[in-house]
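Asker: The structure under discussion is supplied below as C-alpha cells; questions concerning it will follow.
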Amino acid sequence: MKQVLIPLMLLASAVIAQQPSAAVQEKPRVFIEPSETVDASNAKDKAKHVDFGASLSAALVKKKVPVLVVTDQAKAQWTIKSVSSQREDTTGTKIAKILVFGGGGFTKFEGTIQVIDNESSAVLYAYNVKKGDFQSAAEAFAKHFTNDYLNKR
C-alpha cells in the first residue's frame with residue numbers, strides 16, 4: 086500500500102507545483118495608461134510635469150493591491166486611465182501662507198482616475214483625489230480602490 090501511495094503523492098505534488106497558484110490566476114490584470122500631469126499654475130511651466138500613470142503603478146505595487154500590473158495592454162483585463170493637474174502657489178501666496186499660517190503646502194495636486202473593463206468598456210471604479218502631491222494622490226487611490234471596490238466584489 087505504501088509503495089502505491091508514495092508515488093501517487095509525489096506525482097500529485099509535482100502536478101500542483103507546475104500549475105500557477107490560484108491567487109495569481111485570480112488577480113485581475115491591469116494596464117495603466119501613461120498620463121502627463123498638466124501644469125495649472127499661472128506661471129508658464131512652473132509646476133513639475135509628472136507621469137501620474139507611473140505613480141499609480143508604483144502605488145498599486147507598494148500598497149500590495151491584489152491586481153497584476155502588466156505592460157502589454159493586449160493582455161490586460163482592465164485599463165486605468167487618469168487625468169491630473171498640479172498647481173504651485175505663486176511667490177506672493179507662499180509668503181502670505183508663511184506669514185499668516187506659519188507655512189503650509191505650496192502645491193496642490195488633483196487627479197481623476199477610472200478603472201475600465203476592456204471587454205465591455207464599462208467604468209468599474211472612478212476616483213477623484215485632491216492632495217498636496219502626486220505620490221499621496223496615487224497612494225490614496227490604491228487604498229480606496231482596494232477597500233471600496235476590490236474587497237467588495
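Numbering follows our numbering, in which position 128 of the sequence shown is assigned residue number 213; successive positions increment by one, without gaps. Cβ atoms here follow ideal geometry from the backbone N, Cα and C, with glycine treated the same way.
Taking a contact to mean a Cβ-Cβ separation below 8 angstroms, would you say S140 touches A211 in this structure?
Answerer: No, Cβ-Cβ distance for S140 and A211 is not below 8 angstroms.
Asker: Would you decide whether S205 is buried or exposed? Buried here means 16 or more other CB atoms lie within 10 Å of its CB.
Answerer: S205 is exposed by the Cβ-count criterion.
Asker: Are the CB atoms of E111 and K166 nearer to each other than 8 angstroms?
Answerer: No; because the gap between Cβ atoms is not below 8 angstroms, this pair is not in contact.
Asker: Roughly how many whole angstroms lie between the Cα atoms of A108 and K193?
Answerer: Summary for A108: the model assigns pLDDT 46, below 50, so the residue's position carries little reliability; its value from the coordinates is reported in the next sentence. Cα to Cα, A108 sits roughly 38 angstroms from K193.
Asker: Find the nearest neighbour of K237 within the set P151, S120, G138, E121, judged by alpha-carbon distance.
Answerer: Of P151, S120, G138, E121, the residue nearest in Cα terms is P151.
Asker: Select from Q220, K215, L209, K216 the residue whose C-alpha is nearest the C-alpha of T231.
Answerer: Ranking the options by Cα distance to T231, first place goes to L209.
Asker: Check each candidate in K215, D233, K228 and name the one with the smallest Cα separation from K147.
Answerer: The candidate whose alpha carbon is nearest that of K147 is K228.
Asker: Distance check for V214 and A225, CA to CA, integer angstroms please.
Answerer: Approximately 8 angstroms between the Cα atoms of the pair.
Asker: At the level of alpha carbons, what is the spacing between K160 and L153?
Answerer: When rounded, the distance between both Cα atoms is 11 angstroms.
Asker: Whole angstroms are fine: how far does the CA of I198 sit from the CA of D158?
Answerer: Per the sequence shown, residue 158 should be read as Gln rather than Asp. Taking the straight line joining both Cα atoms gives about 17 angstroms.
Asker: How would you write the range of the beta strand (DSSP E) that A211 sits in, first residue to last?
Answerer: Here the beta strand (DSSP E) through A211 covers 208-216.
Asker: Going by other Cβ atoms of all chains shown within 10 Å of its Cβ, with 16 needed for buried, is F219 buried or exposed?
Answerer: Under this definition F219 is a buried residue.
Asker: Quick one: using the 10 Å Cβ neighbour count with 16 as the cut-off for buried, is T122 buried or exposed?
Answerer: Buried, because 16 or more other Cβ atoms sit within 10 Å of the Cβ of T122.
Asker: Got a sec? Which residues, its chain only, sit under 6 angstroms from P113 by beta carbon, not counting five neighbours each side?
Answerer: Hits under 6 angstroms: V152, Q162, W163.
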